[in-house]
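Participant:
Numbering (the working numbering), first residue to last: 5 to 215.
#1: Taking its Cβ as the centre, do 16 or more other Cβ atoms sit within 10 Å of residue 137, making it buried, or is it exposed?
#2: Helix or strand or just coil, what does DSSP make of residue 4?
#3: Using only the alpha-carbon positions, how far apart do residue 47 and residue 37 sit?
#4: Is it true that the CB of residue 88 sits closer than 9 Å to the CB of residue 32?
#5: Taking contact to mean at least 3 C-beta pairs separated by less than 8 Å, is the segment 8 to 18 in contact with the segment 65 to 77?
#6: With distance defined between alpha-carbon atoms, name the residue in 189, 181, 82 and 190 nearest to residue 98.
#7: Would you grab the beta carbon distance between residue 95 and residue 178 for me? Rounded to a whole angstrom, and I think it's under 8 Å.
#8: Check whether the segment 137 to 153 and the segment 101 to 108 touch, using three or more Cβ-Cβ pairs below 8 Å as the test.
#9: For the alpha helix (DSSP H) containing residue 69, name the first residue and the last one.
#10: In angstroms, rounded to a whole number, what distance separates the CA positions of residue 162 and residue 23?
#11: What does DSSP give as the partner residue(s) for residue 195 in the beta ladder?
#12: For residue 155, list the residues DSSP reports as bridge partners.
#13: How big is the Cα-Cα spacing for residue 147 and residue 9?
#14: Report yes if the CB atom of residue 114 is closer than 9 Å to the CB atom of residue 197, and no otherwise.
#15: Considering residue 26, what are the terminal residues of the beta strand (DSSP E) in which it resides?
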């Protein structure tokens, strides 16, 4: 099973991706996580994308496509994978189609005002990558990761100004993906205002019990 997750920043893509990965035993590919790792390591690639990411912009198609192309060749992707953060444009979707057949595109839809509220309340574990939200998905102990006990941090691009820029970028460049996959007959839209578990159940009901 090869899945694509579509949604505005803070729609809950990462949270749902991790649940689906665990349920179906698929590889999880987050281009955002991959790029942030390069930034933290201070590599040449990391330096290249640091300013772009901080301002809420998108890294070039060529760069992202090259990274994804290499990633899906790895052994853990043989039984399927979930792409979170790619494709972000129809051009990227067309390039992905040249590489592999996508079985389903899942669109988590929610209003901008909710996304902005979630963005500015979002916290992430720098050690294991688990995402939390002070409003909708708080950790059991404030500021501490449930999974590994590490102190939680807020991403620099989760400010109100950067959030507005990221939402504008999503509407302009990524929202056309909804129509793109709809025309291919593989789009499944789910209400992002529902609870985390309810969204998961809806997606699994659509995909089936077995990968």
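Note that CB positions come from ideal geometry on N, CA and C, so glycine has one too.
Facilitator: If we stick to the structure as given:
#1: Buried, because 16 or more other Cβ atoms sit within 10 Å of the Cβ of residue 137.
#2: The first residue shown for the chain is 5 and the last is 215, placing residue 4 beyond what the model contains.
#3: Their Cα atoms are separated by approximately 14 Å.
#4: Against a cut-off of 9 Å, the Cβ pair of residue 88 and residue 32 comes out as a contact.
#5: Output reads no: the segment 65 to 77 does not touch the segment 8 to 18.
#6: Ranking 189, 181, 82 and 190 by Cα distance to residue 98 puts 181 first.
#7: Going by Cβ atoms, the distance from residue 95 to residue 178 rounds to 11 Å, so no, they are not a contact pair.
#8: The answer is no - the segment 101 to 108 does not touch the segment 137 to 153, with fewer than three Cβ pairs under 8 Å.
#9: That run of the alpha helix (DSSP H) goes 65 to 75.
#10: Computed Cα separation, rounded: 23 Å.
#11: Per DSSP, 113.
#12: BP columns for residue 155 point to 148.
#13: Approximately 27 Å between the Cα atoms of the pair.
#14: Yes.
#15: It is not in any beta strand (DSSP E) - residue 26 instead sits in the alpha helix (DSSP H) that spans 17 to 28.
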